[in-house]
Amino acid sequence: MRWPISEPSTLVLFRPQISFVTFFLAQKSVKNLVIFGLVFLLTVFFGFLFNPTLLLARAEIIEVLVEKKVPRSEGQFTQGLVFVGDSLIESTGLYGQSKVCRYPAPKPDDLSLKPPTLCLTLKDNFFAEGIATVNSALYLLTWQEGAVFKLDLTTLEILETFFSPSQGWGLTTVGETLWRSDGTDKLTPHKIENFAVTGGKLSASDGLRPIDNLNELEYDQAAGLILANIYQSCRVAAIDPKSGLVTFFLDLSSICQMESQYQKNPQQNALNGLAFDESGRLWVTGKNWPNLYWITWTPPSAAASIVSAQSPVTAGPPSKSATPATSNSPDLPDSEKK
Ligand SMILES: [Ca+2]
3 MRWPISEPST
13 LVLFRPQISF
23 VTFFLAQKSV
33 KNLVIFGLVF
43 LLTVFFGFLF
53 NPTLLLARAE
63 IIEVLVEKKV
73 PRSEGQFTQG
83 LVFVGDSLIE
93 STGLYGQSKV
103 CRYPAPKPDD
113 LSLKPPTLCL
123 TLKDNFFAEG
133 IATVNSALYL
143 LTWQEGAVFK
153 LDLTTLEILE
163 TFFSPSQGWG
173 LTTVGETLWR
183 SDGTDKLTPH
193 KIENFAVTGG
203 KLSASDGLRP
213 IDNLNELEYD
223 QAAGLILANI
233 YQSCRVAAID
243 PKSGLVTFFL
253 DLSSICQMES
263 QYQKNPQQNA
273 LNGLAFDESG
283 RLWVTGKNWP
293 NLYWITWTPP
303 SAAASIVSAQ
313 SPVTAGPPSK
323 SATPATSNSP
333 DLPDSEKK
């Protein structure tokens, strides 16, 4: 399993510069030394000018706090999670078991999660994945079947079926665009009318490396960032939807450590499920986890400021509270999915 947050190999990144310095030091002529020195300085200057993200090196990693832990029934292979009004909607995967269910959303005076009031069960040959809402519709991805279902948000009735050109993992809405993850570092924009691809893919990177295994998604409206669950890790990447730059990571390892199902089988029972409720609280869960967690975090400091300033767009400081917008889900290698 690749670990997307591993430290970069600095020596590999700067191998050309090291070779240049070695050659520079071998010079015996003062004139040559001056010329090569100037060339070196210009190379460094223009390198950062055309790729300023090199200055960032790595995105900040922020530990989250658990504000509330809410018990729920076990055995839900969570793929997508989204709040809509007073409801929590969840999609769950696996062939022969995939469904979408609506639950009464936890209330401030009663944060317990009640049984579902309505469920749509998919045919056995569909593996449900991420979900997202737009107006009165719910969009549901399937893993590798190529089908994208548009459901009536109230009745969960399938209204239309669209086509996805590649695997469906996570889904979220940013404005009038649906963004889909497919397990790589790429996010693909789709039209809400027919799910046609509506632009170029977004490549998630921390400035040095691609951040792949993007899975469940959730748009943080207040911060202007797409939160992406990194598959089979306990981290969430906060991605600028204009540049693809990861401005920070949320570290949820403390939650993974307290989750019994994760401890039993971290590959299968991976962290999965991100959703902002109506009050801007971010809830997370995982596959087969018997709990939902309301989490908060302290906004990143210097790193986020640098990123925001450099980004052609966006992104106010990430916040502890934000307003929801959408949802989605993830998944994995064929052998591990089932
Ligand atoms: Ca979500």
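With the sequence shown counted from 1, adding 2 to any position gets you the numbering used here. For each residue, glycine too, the CB sits at the ideal point set by N, CA and C.
Short of 7 Å in beta carbon distance, which residues of its chain neighbour residue i, apart from the five on each side in sequence? Order them along the chain.
| i | result |
| --- | --- |
| Gln-169 | Trp-145, Gln-146, Asp-184, Gly-185 |
| Asp-279 | Phe-85, Ala-107, Trp-285, Pro-326 |
| Ser-321 | In this prediction, Ser-321 scores a pLDDT of 36, lower than 50, which makes its location untrustworthy; the coordinate-derived value is nonetheless stated afterwards. Excluding sequence neighbours, Ser-321 sits near Ala-224, Ala-225, Pro-301. |
| Ala-61 | Asp-208, Val-248, Thr-249, Phe-250, Phe-251, Ala-305 |
| Leu-77 | At residue 77 the sequence reads Gly, which differs from the Leu that was named. Cβ neighbours of Gly-77 beyond the five flanking positions: Asn-290. |
| Pro-341 | With the chain covering 3 to 340 only, the question about residue 341 has no answer from this structure. |
Since I believe residue j is in contact with residue i (beta carbons under 8 Å), could you give me their beta-carbon distance rounded to a whole number of angstroms?
| i | j | result |
| --- | --- | --- |
| Leu-173 | Ile-133 | 6 Å |
| Phe-197 | Phe-164 | 4 Å |
| Leu-219 | Asp-242 | So it is not a contact: roughly 14 Å between Cβ atoms. |
| Lys-125 | Ala-139 | Actually they do not touch by this definition, with Cβ atoms about 20 Å apart. |
| Asn-217 | Trp-171 | 5 Å |
| Leu-158 | Leu-122 | 4 Å |
| Gln-234 | Gln-269 | 6 Å |
| Leu-142 | Val-102 | 6 Å |
CB-CB under 8 Å to residue i, same chain, minus the five flanking residues each way: which ones, in chain order?
| i | result |
| --- | --- |
| Asn-271 | Glu-261, Gln-263, Tyr-264, Gly-288, Lys-289, Asn-290, Trp-291 |
| Pro-117 | Ser-75, Tyr-105 |
| Phe-79 | Thr-94, Gly-95, Leu-96, Gln-99, Lys-289, Asn-290 |
| Leu-44 | none |
| Lys-343 | Lying outside 3 to 340, the shown extent of the chain, residue 343 is not represented and no answer is given. |
Out of the options, point me to the one whose CA is closest to residue i's CA.
| i | options | result |
| --- | --- | --- |
| Asn-293 | Gly-275, Cys-103, Gly-282 | Gly-275 |
| Tyr-221 | Pro-167, Leu-40, Lys-33, Phe-85 | Phe-85 |
| Gln-223 | Gln-259, Glu-178, Ile-194 | Glu-178 |
| Ser-255 | Lys-109, Leu-44, Lys-33, Val-68 | Val-68 |
| Thr-175 | Leu-189, Ser-166, Asp-253 | Leu-189 |
| Ala-130 | Asn-137, Glu-65, Ala-149, Ala-206 | Ala-149 |
| Thr-119 | Ile-91, Pro-110, Gln-259 | Ile-91 |
| Ser-245 | Lys-203, Cys-236, Ser-31 | Lys-203 |
| Thr-156 | Ile-297, Gly-87, Lys-109 | Gly-87 |
| Pro-73 | Leu-113, Leu-43, Leu-44, Lys-109 | Leu-113 |
| Cys-236 | Ser-31, Leu-273, Lys-266 | Leu-273 |
Cutting at 6 Å between CB atoms, please list the residues of its own chain near residue i, excluding the five before and the five after it.
| i | result |
| --- | --- |
| Ile-37 | none |
| Ser-89 | Arg-104, Ala-107 |
| Gly-201 | Pro-191 |
| Tyr-295 | Val-68, Lys-71, Ile-257, Val-286 |
| Val-238 | Leu-229, Asn-231, Leu-252 |
| Asp-154 | Leu-161 |
| Gly-39 | none |
| Val-136 | Thr-175, Ile-194 |
| Glu-65 | Asp-253 |
| Asp-187 | Ser-205, Ala-206, Pro-212, Ile-213, Asp-214 |
| Ile-63 | Phe-251, Asp-253 |
| Lys-109 | none |
Return no unless some Cβ of chain B is closer than 8 Å to the Cβ of residue i.
| i | result |
| --- | --- |
| Gly-201 | Considering every chain present, this structure includes no chain B. It has just one protein chain. |
Which parts of the region 221 to 248 are runs of the beta strand (DSSP E), unbroken and 3 residues or longer, counting only runs that do not cross its ends? 227 to 232, 237 to 241
Report the residue ranges of all beta strand (DSSP E) runs contained in full by the region 74 to 158; include only those spanning at least 3 residues, in chain order. 80 to 86, 89 to 94, 101 to 106, 120 to 123, 130 to 136, 139 to 144, 149 to 154
Extract the residue ranges of the beta strand (DSSP E) inside the region 248 to 301, only unbroken runs of 3 or more that lie entirely within it. 248 to 253, 273 to 278, 284 to 288, 293 to 298
Threshold first: 3 residues or longer. Then list the beta strand (DSSP E) segments lying entirely within the region 193 to 222, N to C. 216 to 222
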